[in-house]
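Peer 1: Please see the structure below; I have some questions.
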Amino acid sequence: MPATTYVEAIRQGIWEEMEKDERVFVLGEDVGIYGGAFKVTEGMLERFGEWRVIDTPISESAIVGAAIGAALMGLRPIAEMQFADFISCAFDQITNFAAKSRYRWNAGVPIVIRGPSGGGVHGGPFHSQNPEMYYVHTPGLKVVCPSSAYDAKGLIKSAIRDPDPVLFFEHKFLYRRVKEELPAEDFTVPIGKAAVRRTGSDISVITYGAMVYTALDAAKELEKEGIDLEVLDLRSLLPFDREAVLESVKRTSKVILLHEDTRIGGFAGELAAVISEEAFEYLDGPIRRITAPDTPVPYSPPLEEFFLPKISDVMRVARELYAY
Amino acid sequence: MPATTYVEAIRQGIWEEMEKDERVFVLGEDVGIYGGAFKVTEGMLERFGEWRVIDTPISESAIVGAAIGAALMGLRPIAEMQFADFISCAFDQITNFAAKSRYRWNAGVPIVIRGPSGGGVHGGPFHSQNPEMYYVHTPGLKVVCPSSAYDAKGLIKSAIRDPDPVLFFEHKFLYRRVKEELPAEDFTVPIGKAAVRRTGSDISVITYGAMVYTALDAAKELEKEGIDLEVLDLRSLLPFDREAVLESVKRTSKVILLHEDTRIGGFAGELAAVISEEAFEYLDGPIRRITAPDTPVPYSPPLEEFFLPKISDVMRVARELYAY
Amino acid sequence: MNVKTISTLSPVSGPINELKVPSEELQLQLLYFMKLTRELEYRIERKLYRQGKVLGGVYVGRGQEAIAAGACIGLRKSDVICPSHRDMAAFLIRGMSLRVILAQYMGRKTGATRGRDANMHMGDLDLNIIPFISMLGDHVPVAAGAGLAFKARGEDNVAVCFFGDGATSRGDWHEGVNMASVLKLPVVYICNNNQYAYSTPLERQMAVENVADRAVAYGMPGEIVDGNDVLAVWDASERAIARARAGQGPTLIECKTFRLTGHSAHDDAAYVPRELMAHWEERDPILRLERALVETGVITKSGIDKVQERVQNEIDEAIQLAENDPYPDPEDCLKDVYFEQ
Amino acid sequence: MNVKTISTLSPVSGPINELKVPSEELQLQLLYFMKLTRELEYRIERKLYRQGKVLGGVYVGRGQEAIAAGACIGLRKSDVICPSHRDMAAFLIRGMSLRVILAQYMGRKTGATRGRDANMHMGDLDLNIIPFISMLGDHVPVAAGAGLAFKARGEDNVAVCFFGDGATSRGDWHEGVNMASVLKLPVVYICNNNQYAYSTPLERQMAVENVADRAVAYGMPGEIVDGNDVLAVWDASERAIARARAGQGPTLIECKTFRLTGHSAHDDAAYVPRELMAHWEERDPILRLERALVETGVITKSGIDKVQERVQNEIDEAIQLAENDPYPDPEDCLKDVYFEQ
Ligand SMILES: Cc1ncc(C[n+]2csc(CCOP(=O)(O)OP(=O)(O)O)c2C)c(N)n1
Ligand SMILES: Cc1ncc(C[n+]2csc(CCOP(=O)(O)OP(=O)(O)O)c2C)c(N)n1
Ligand SMILES: [Mg+2]
Ligand SMILES: [Mg+2]
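Chains as they are written, first to last, in numbering that gives the first Met the number 0: chain A, 0 to 323; chain B, 0 to 323; chain C, 0 to 340; chain D, 0 to 340.
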């Protein structure tokens with residue numbers, strides 16, 4: 000079996016669910032003839048026809064609104080945002096209509112909203128955003144950020160089958176950069192379960208998305224210095240795997256919270272609160288955050304490189320914490 | 000001098016700034032003839048004329064967009080959201096156009112976006128929201144949540160004079176419920192400075208908005224039991240007064256983070272991260288959060304009462320923490 | 000634009016026009032539902048709200064009852080509706096019970112949203128009612144999506160979506176009707192143009208005379224009807240619904256009407272000129288229908304009194320039931336944020 | 000709708016029409032700026048991008064140069080423009096230097112955004128250019144706001160706002176043009192209708208034939224011009240600008256054109272039928288202008304060669320400068336999020 004890329008894994012996951020369940024359909028800009036800006040829906044129009052692969056006008060809010068309406072009538076829409084940045088245009092529909100529907104009148108809204116997020120490709124302030132926290136802070140939604148091809152496929156399937164609205168943030172830097180062999184048979188990855196990517200005894204690095212690789216690379220370097228990092232990949236942010244987080248922290252007693260998203264109000268804050276509330280007595284050092292700084296994502300290479308958390312950042316903070 | 004209500008204080012603040020600076024103007028729905036749904040702009044149309052008090056179509060996104068354009072051309076717009084809940088419709092303009100403008104091309108966007116937020120008045124899921132975190136997580140914005148008439152007036156003036164976009168979340172429960180005598184002369188309250196509402200030695204309660212009163216009421220009760228709460232009113236969330244937070248926590252060594260907003264991704268998370276990173280060694284107990292649960296704001300009185308953090312919640316957690 | 004307003008009832012006397020009219024039975028049903036709506040909203044706004052039994056905001060459709068009534072009476076059970084905040088008749092015609100509605104307004108567990116949401120925000124998938132959210136216009140693309148589901152499955156159901164003149168300024172309104180037009184979705188868009196949005200008059204909302212003028216931008220038919228003439232609303236709706244079922248896409252129907260009350264229970268509408276209000280009070284859609292039905296012999300005056308009596312009794316009874324219905328348990332607050340097994 | 004497309008230049012030969020034309024000097028300026036635009040974008044897309052010197056996305060306006068050129072050439076310094084992503088000529092005409100533009104594309108400190116933002120996202124308050132953000136349509140209400148400032152201060156400046164056909168589907172577009180219409184703001188809205196939005200053809204974007212048909216919904220004039228005819232664009236713009244200055248409110252000008260390239264540098268536009276592309280290549284706006292100016296004796300063929308030479312030299316020089324310009328310091332990343340003393 001050849002290795003499957005992260006982006007192809009998503010395509011496969013959607014394709015297989017569409018084969019299996021005729022309620023599933025895709026809508027978005029340029030998803031049909033063009034197969035999507037990143038080719039996630041390539042070939043689907045030919046296979047599934049124009050009412051299951053719907054090219055829409057440039058109307059993110061109506062794309063989500065229409066997905067909601069179709070879901071209420073029994074379909075299973077997958078709405079593509081050409082870049083996750085443009086989800087801002089649908090913020091209102093997502094947070095007010097979709098998120099609150101079940102709570103208000105017991106009508107679930109099983110939609111998936113997916114798109115490429117994240118930096119590292121010189122996309123600048125409007126093609127590099129990490130919008131996850133806006134939705135993590137909205138009860139009623141689920142938020143998923145896979146880091147591997149396996150997870151991407153397994154989680155997109157779980158998202159499609161989920162009875163509630165799921166925001167699926169793909170990391171565009173990983174699209175063609177990570178790949179692995181995938182099982183031939185149907186599999187899913189549960190929403191809300193983290194994965195230990197590396198077991199370690201000294202410090203827990205809790206992270207998600209592309210930063211998983213930053214953490215792993217740092218761990219490999221630090222191993223040479225005798226510092227043993229554990230790397231926990233959250234995979235889902237809402238709900239997140241509280242047990243796995245606490246279990247890891249209680250074992251290592253030191254924790255680094257790492258994300259590509261900006262700092263103030265980022266997910267590390269939520270984690271810090273949970274840890275300092277529920278694992279306070281286990282902590283042997285301050286909780287350390289490594290995040291992007293509180294700025295837009297800059298375009299120029301030296302600026303963007305400065306912006307993104309780096310292996311060296313993890314190494315520096317880990318050394319400090321190890322020595323604490 | 001008679002006491003001035005919170006809502007009237009805001010009106011006065013805007014009025015005085017409009018008298019002083021002809022660049023300042025107001026736009027929004029029903030702000031003119033009607034004087035605003037909560038009468039914040041009452042009388043202004045007559046005084047300042049139709050090009051400084053502009054009734055707009057129901058277009059929150061264009062209200063903010065137009066405010067941005069006018070600000071770039073040198074004016075000082077104050078955009079009213081009839082309820083802060085509807086700011087969701089302008090999320091994209093605020094977070095992408097306004098917030099990132101200075102960073103991108105050095106062009107400041109001195110706008111104020113203001114409106115009534117918060118619960119306790121049986122407004123239900125769409126007239127009770129606390130939208131602050133969506134903006135606190137957006138670099139380039141400032142976010143203000145006053146709790147008193149004095150602060151409301153002083154902060155709205157600072158917001159209007161500020162060279163950057165300021166989101167000014169008024170708490171509608173306080174509009175006519177809190178009042179105080181205000182100085183006759185011009186005064187401002189700086190954005191980013193907290194206020195100690197009650198000094199105490201046992202536990203720091205860090206909060207903002209209407210919850211300041213919940214904390215103070217709890218403190219009064221707990222005094223009888225010999226538990227001495229400090230109550231810190233943040234007043235601004237972005238930027239927030241890091242020094243005041245750390246100073247208080249270092250002094251009391253125990254901390255309760257209290258807000259009306261929901262829990263996951265709420266401001267308490269940010270505070271917990273800062274405290275556990277920078278005051279770790281001072282902590283004598285876990286950081287405790289008291290927040291609304293992760294649900295929409297329900298309408299029915301028993302549900303809404305359950306939803307909102309209560310004096311009894313603060314007392315319970317304070318007792319536990321005191322005993323820790 | 001050169002649009003003719005379609006009217007069947009004379010504004011102040013009986014019928015004037017020999018348009019296609021619904022059966023006598025349907026006419027009587029319309030009368031019943033409009034009177035039921037009027038009385039129900041009267042009780043909610045003028046009694047229960049003032050007695051403190053309904054908390055929060057109250058918005059009624061006094062003077063606009065013909066619109067939702069005329070548009071909904073001919074629908075199939077399998078069609079879906081997306082009402083707005085002045086369309087009480089829609090809920091009643093779809094079969095939501097008075098008790099459920101009143102319990103909703105009083106925040107009871109038995110209300111349409113079990114106390115979670117307020118007033119008109121009522122939905123029920125069994126009745127194919129998608130509830131309004133406060134953000135005006137948001138349900139316009141949602142209705143398109145419902146129509147999309149019908150079309151994708153090859154069903155000939157339609158989605159009927161209601162909104163006010165002011166809501167048409169929202170971006171979501173534009174995106175929604177545009178998408179419905181491009182994809183030729185089976186949606187009927189019904190605007191109550193009551194000439195105000197809260198205190199804001201139409202000319203501060205749009206630079207065109209008629210909301211229907213906006214239909215041109217979407218290549219869909221825009222039709223103006225006398226919104227206080229329930230038979231005219233019915234007629235226009237029938238045609239638009241038939242068009243949608245036949246796969247010809249959406250229609251925009253503008254119903255000219257007026258809000259015979261404030262924007263909400265706390266607003267005295269002081270900004271509305273007295274003469275304008277008086278002009279429209281004379282054109283009360285219920286009085287117009289009553290006069291027409293009496294003149295055509297469909298009902299007698301005492302027959303109308305009987306309807307009124309029935310309506311009052313039904314509401315009395317429902318209020319009694321709803322008032323005694325329980326509030327939700329406080330901890331219910333935590334339930335149903337997500338699917339629960 | 001019954002709209003006549005205004006053309007002054009024959010699609011494939013010289014001038015056909017005796018409309019009001021700009022002065023010869025202005026005609027020559029237009030030629031220069033259009034050729035400068037073409038060459039500059041050619042270098043960016045086909046050279047610098049492929050050489051890896053420009054990273055990220057690259058969108059060019061090949062074949063559409065007449066639009067921004069014709070619309071901007073007559074503006075005053077005190078007017079403001081809000082260009083979109085295929086309006087390079089706008090920046091050049093407003094006086095942004097080639098070096099600043101090239102440095103922008105190469106992420107240098109000397110670029111219009113000092114390396115913070117990419118490609119067309121260039122702004123400069125001194126030149127009265129408000130930069131585009133990627134979210135299509137967002138700048139439409141912003142332009143209205145600029146117009147509002149002019150109107151509120153009693154100035155007779157105008158705001159000129161550019162967008163594509165696809166952007167008109169965005170809610171912000173609707174809200175923005177509606178607000179401009181209601182408040183009669185001095186804005187000129189210019190649509191480049193290149194018949195595609197990325198891969199999506201016009202009929203999947205709107206159910207009307209012309210973008211200008213949408214103007215009806217806002218009670219504003221909608222005019223269609225041959226967007227590959229710079230003199231026609233100039234003429235329509237002059238009239239719309241005059242209207243705006245006179246306080247008569249906004250105008251929508253639709254410029255029919257075609258994108259003679261992919262959506263962005265990585266797109267080969269395989270979804271565009273070959274014949275359609277060929278049809279429009281024949282109607283290249285620069286060739287059309289050149290033929291017309293030669294026929295009317297405004298310039299000779301060798302004069303045109305000289306312009307081309309000048310353009311190439313200027314760009315060569317600017318590339319040299321920009322390539323040697325410094326990148327921003329990494330820590331600059333942290334600056335200017337807020338006002339700094
Ligand atoms: C997005 C949004 N903005 C503002 C409001 C506040 N609001 C509620 S109803 C209303 C007026 C609505 O006018 P219209 O659409 O004409 O409906 P009508 O009330 O006249 O039936 C306003 C401004 C809202 N609900 N949603
Ligand atoms: C809100 C938003 N959605 C999607 C995109 C991605 N996108 C960039 S350009 C484009 C097509 C734009 O088409 P049009 O407006 O016709 O302009 P053109 O590129 O044809 O000049 C799309 C979909 C975007 N930039 N913004
Ligand atoms: Mg209205
Ligand atoms: Mg286009």
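In this text, a Cβ means the ideal position worked out from N, Cα and C, and glycines have one as well.
Please check if any C-beta of chain C sits within less than 8 angstroms of the C-beta of asparagine 191 (chain D).
Peer 2: Here residue 191 (chain D) refers to the residue found at position 192 of the fourth sequence. Taking Cβ atoms only, chain C never reaches closer than 8 angstroms to asparagine 191 (chain D), which makes this a no.
Peer 1: Looking at ligand 2, does it come within less than 7 angstroms of leucine 275 (chain D), judged from the CB to the closest heavy atom?
Peer 2: Taking the first residue of the fourth sequence as 1, we reach residue 275 (chain D) at position 276. No - ligand 2 has no heavy atom lying nearer than 7 angstroms to the Cβ of leucine 275 (chain D).
Peer 1: Please list the residues of the region 88 to 102 of chain B that have a C-beta atom closer than 7 angstroms to any C-beta atom in chain G, keeping them in chain order.
Peer 2: Absence of chain G from the displayed structure is noted, the protein chains being A, B, C and D.
Peer 1: When you measure from the CB of aspartate 212 (chain C) to every non-hydrogen atom of ligand 3, does any distance come out below 7 angstroms?
Peer 2: Position 213 of the third sequence holds residue 212 (chain C). Checking the Cβ of aspartate 212 (chain C) against ligand 3 gives no.
Peer 1: Note down, in chain order, each residue of its chain lying with its Cβ closer than 7 angstroms to the Cβ of tyrosine 321 (chain B), except the 5 sequence neighbours on either side.
Peer 2: Translated into the one-based positions of the second sequence, residue 321 (chain B) becomes position 322. For tyrosine 321 (chain B), where only same-chain residues beyond five positions count, the Cβ hits under 7 angstroms are Asp201, Ile202, Ile226.
Peer 1: Taking just the CA atoms, how far does aspartate 315 (chain C) sit from glutamate 330 (chain C)?
Peer 2: Walking along the third sequence from the start, residue 330 (chain C) turns up at place 331. Walking along the third sequence from the start, residue 315 (chain C) turns up at place 316. So the two alpha carbons sit approximately 31 angstroms from each other.
Peer 1: Applying the 10 Å Cβ sphere with the 16-neighbour rule, what's the burial state of alanine 2 (chain B)?
Peer 2: One-based indexing of the second sequence puts residue 2 (chain B) at position 3. Exposed, because fewer than 16 other Cβ atoms sit within 10 Å of the Cβ of alanine 2 (chain B).
Peer 1: Measuring CB to CB, does glycine 68 (chain A) end up less than 8 angstroms from alanine 145 (chain C)?
Peer 2: Looking up residue 68 (chain A) in the first sequence gives position 69. Looking up residue 145 (chain C) in the third sequence gives position 146. Yes, the Cβ-Cβ distance between glycine 68 (chain A) and alanine 145 (chain C) is below 8 angstroms.
Peer 1: Take the Cβ of glutamine 92 (chain A) as the centre, count every other Cβ of all protein chains shown within 10 Å, and call the residue buried at 16 or more, exposed below.
Peer 2: Here residue 92 (chain A) refers to the residue found at position 93 when the first sequence is read from its first residue. Buried is the call here.
Peer 1: Which residue's Cα is closest to the Cα of glycine 216 (chain C): D:Gly248, D:Asn177, D:Leu182, D:Val306?
Peer 2: Locating residue 216 (chain C) in the third sequence gives position 217, counting from the first residue. Note on identity: in this sequence residue 216 (chain C) is alanine, with glycine being the wrong assignment. Nearest C-alpha to alanine 216 (chain C): D:Asn177.
Peer 1: Sorry if obvious, but does the Cβ on aspartate 164 (chain C) come closer than 7 angstroms to a heavy atom of ligand 3?
Peer 2: The residue given as residue 164 (chain C) occupies position 165 in the third sequence. Answer for aspartate 164 (chain C): yes, Cβ within range of ligand 3.
Peer 1: Could you tell me which chain B residues have their CB closer than 8 angstroms to the CB of valine 135 (chain A), listed as they occur along the chain?
Peer 2: Reading the first sequence from its first residue, position 136 is the one you call residue 135 (chain A). Under the 8 angstroms cutoff, chain B gives Ile263, Gly264.
Peer 1: Can the beta-carbon of serine 299 (chain A) be found closer than 8 angstroms to that of tyrosine 326 (chain D)?
Peer 2: Looking up residue 299 (chain A) in the first sequence gives position 300. Looking up residue 326 (chain D) in the fourth sequence gives position 327. The answer is yes: Cβ separation under 8 angstroms.
Peer 1: Using only the heavy atoms of ligand 4, determine whether one of them is closer than 7 angstroms to the beta carbon of asparagine 193 (chain D).
Peer 2: Translated into positions along the fourth sequence, residue 193 (chain D) becomes position 194. Within the cutoff, so yes.
Peer 1: Compute every distance between the C-beta of glutamine 81 (chain B) and the non-hydrogen atoms of ligand 1, then say whether any falls below 7 angstroms.
Peer 2: By 1-based counting over the second sequence, the position of residue 81 (chain B) is 82. Because some heavy atom of ligand 1 lies under 7 angstroms away, the Cβ of glutamine 81 (chain B) counts as near it: yes.
Peer 1: Where does the unbroken beta strand (DSSP E) through threonine 206 (chain B) begin, and where does it stop?
Peer 2: Looking up residue 206 (chain B) in the second sequence gives position 207. For threonine 206 (chain B), the enclosing beta strand (DSSP E) covers residues 202 to 206.
Peer 1: Taking the C-alpha atoms as reference points, what is the distance between isoleucine 189 (chain D) and cysteine 254 (chain D)?
Peer 2: Within the fourth sequence, numbered from 1, the residue matching residue 189 (chain D) stands at position 190. Within the fourth sequence, numbered from 1, the residue matching residue 254 (chain D) stands at position 255. The alpha-carbon atoms of isoleucine 189 (chain D) and cysteine 254 (chain D) are separated by roughly 7 angstroms.
Peer 1: Report the CB separation of alanine 36 (chain B) from glutamine 81 (chain B) in whole angstroms; it is logged as a contact under 8 angstroms.
Peer 2: For this step, residue 36 (chain B) is matched to residue 37 along the second sequence. For this step, residue 81 (chain B) is matched to residue 82 along the second sequence. With 8 angstroms as the limit, alanine 36 (chain B) and glutamine 81 (chain B) qualify as a contact, their Cβ atoms being about 5 angstroms apart.
Peer 1: Within this structure, are the beta carbons of tyrosine 134 (chain B) and valine 142 (chain B) separated by less than 8 angstroms?
Peer 2: One-based indexing of the second sequence puts residue 134 (chain B) at position 135. One-based indexing of the second sequence puts residue 142 (chain B) at position 143. Yes, the Cβ-Cβ distance between tyrosine 134 (chain B) and valine 142 (chain B) is below 8 angstroms.
Peer 1: Could you tell me how far apart the beta carbons of aspartate 254 (chain A) and isoleucine 289 (chain A) are, in whole angstroms, since I believe they sit closer than 8 angstroms?
Peer 2: Position 255 of the first sequence, counted from the start, is the residue given in the question as residue 254 (chain A). Position 290 of the first sequence, counted from the start, is the residue given in the question as residue 289 (chain A). Per the sequence shown, the amino acid found at residue 254 (chain A) is valine instead of aspartate. Actually they are not in contact, since the Cβ atoms of valine 254 (chain A) and isoleucine 289 (chain A) sit about 11 angstroms apart, beyond 8 angstroms.
Peer 1: Where does leucine 256 (chain B) sit, in a helix, a strand or coil, going by DSSP?
Peer 2: As a position in the second sequence, residue 256 (chain B) is number 257, starting the count at 1. Three-state result, leucine 256 (chain B): strand.
Peer 1: Does the contact criterion of 3 or more C-beta pairs under 8 angstroms hold for the region 122 to 134 of chain B versus the region 115 to 124 of chain C?
Peer 2: yes
Peer 1: So the candidates are B:Thr4, B:Glu15, B:Val6; which of them puts its Cα closest to the Cα of threonine 187 (chain B)?
Peer 2: Within the second sequence, the letter at position 188 stands for residue 187 (chain B). With distances taken between Cα atoms, threonine 187 (chain B) lies closest to B:Glu15.
Peer 1: Applying a beta-carbon distance threshold of less than 7 angstroms, which residues of chain B neighbour threonine 7 (chain D)?
Peer 2: As a first step, residue 7 (chain D) is located in the fourth sequence; it is residue number 8 there, counting from the start. Neighbours of threonine 7 (chain D) on chain B: none; closest Cβ ~32 angstroms, over 7 angstroms.
Peer 1: For glycine 56 (chain D), go through chain B and note every residue whose CB falls closer than 9 angstroms to its CB, in chain order.
Peer 2: As a working note, residue 56 (chain D) is residue 57 in the fourth sequence. None at all; the shortest Cβ gap to chain B is about 16 angstroms.
Peer 1: Whole angstroms are fine: how far does the CA of methionine 219 (chain D) sit from the CA of valine 2 (chain D)?
Peer 2: Taking the first residue of the fourth sequence as position 1, residue 2 (chain D) is located at position 3. Taking the first residue of the fourth sequence as position 1, residue 219 (chain D) is located at position 220. The predicted model places valine 2 (chain D) with a pLDDT of 45, which falls under 50 and marks its position as unreliable, so this point remains unresolved.
Peer 1: Work out the CA separation of alanine 193 (chain A) and aspartate 163 (chain A) for me, nearest whole Å.
Peer 2: Here residue 163 (chain A) refers to the residue found at position 164 when the first sequence is read from its first residue. Here residue 193 (chain A) refers to the residue found at position 194 when the first sequence is read from its first residue. Rounded to the nearest angstrom, the two C-alpha atoms are 20 angstroms apart.
Peer 1: With a threshold of 8 angstroms, are at least 3 pairs of Cβ atoms found where one atom belongs to the region 308 to 322 of chain C and the other to the region 89 to 101 of chain C?
Peer 2: Output reads yes: the region 89 to 101 of chain C touches the region 308 to 322 of chain C.
Peer 1: Measure the Cβ-Cβ separation of alanine 98 (chain A) and glutamine 128 (chain A) and say whether it is below 8 angstroms.
Peer 2: On the first sequence, position 99 is the one that residue 98 (chain A) refers to. On the first sequence, position 129 is the one that residue 128 (chain A) refers to. Result no, Cβ atoms of alanine 98 (chain A) and glutamine 128 (chain A) do not sit closer than 8 angstroms.
Peer 1: Applying the criterion that 16 or more other CB atoms from any shown protein chain within 10 Å of the CB defines a buried residue, is glutamate 269 (chain A) buried or exposed?
Peer 2: As a working mapping, residue 269 (chain A) is identified with position 270 in the first sequence. Buried.
Peer 1: Can alanine 209 (chain A) and phenylalanine 172 (chain A) be called in contact, C-beta distance under 8 angstroms?
Peer 2: In the first sequence, the residue the question calls residue 209 (chain A) occupies position 210. In the first sequence, the residue the question calls residue 172 (chain A) occupies position 173. Yes, the pair counts as a contact, with Cβ atoms nearer than the cut-off.
Peer 1: Cβ closer than 7 angstroms: which chain D residues qualify as neighbours of aspartate 164 (chain C)?
Peer 2: Taking the first residue of the third sequence as position 1, residue 164 (chain C) is located at position 165. Residues of chain D passing the Cβ test: none, with the nearest at roughly 12 angstroms.
Peer 1: Whole angstroms are fine: how far does the CA of arginine 46 (chain A) sit from the CA of valine 271 (chain D)?
Peer 2: Locating residue 271 (chain D) in the fourth sequence gives position 272, where the first residue counts as 1. Locating residue 46 (chain A) in the first sequence gives position 47, where the first residue counts as 1. Roughly 21 angstroms separates the two Cα atoms.
Peer 1: Is there a C-beta anywhere in chain B that falls below 8 angstroms from the one on leucine 47 (chain C)?
Peer 2: The residue labelled residue 47 (chain C) in the question sits at position 48 within the third sequence. Chain B, which has no Cβ nearer than 8 angstroms to the Cβ of leucine 47 (chain C), makes this no.
Peer 1: Taking the alpha-carbon of proline 140 (chain D) as reference, which of D:Glu313, D:Pro249, D:Ile285 has the nearest alpha-carbon?
Peer 2: Walking along the fourth sequence from the start, residue 140 (chain D) turns up at place 141. Looking at the Cα atoms, D:Pro249 is the closest of the given residues.
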